[in-house]
Amino acid sequence: MTGNENNGTPKGGRLAFGILMVIVYLCVGLLFIFDIFRIDNNAISYTVGGILIVYGIWRGYRLYRGWN
């Protein structure tokens, strides 16, 4: 095995799923930052939201560069 096998998943399907996940991470991160979930501690809400947004951006960059 060369490590490049994708277990038969079509490239278009992986791309669509990757785009969907980027959108989900960014949106959920924004929901945390705008305190939609009513978490008592704002520091936790901002931290989790920031981490999700940064990870969503990282996934988007990896998707754009073709590193997925």
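Under the numbering used here, the letters of the sequence shown match residues 170 to 237, in that order.
Each residue gets a CB set at the ideal place from its N, CA and C atoms; glycine is no exception.
Note that the structure is predicted; figures quoted are calculated from it, not measured.
Query, Result
"Closest by C-alpha distance to N192, when choosing among I205, G235, G229 and N211", "In the sequence under discussion, the amino acid at residue 192 is Ile, which differs from the Asn named in the question. Among I205, G235, G229 and N211, the Cα nearest to that of I192 is on G229."
"Close-in-space but distant-in-sequence residues of the same chain around Y194 (CB under 6 Å, 5 per side omitted)", "L221, Y224 and G225"
"Reduced DSSP secondary structure (H/G/I, E/B, other) of R228", "helix"
"Between the CA atoms of W236 and F201 - distance to the nearest angstrom", "28 Å"
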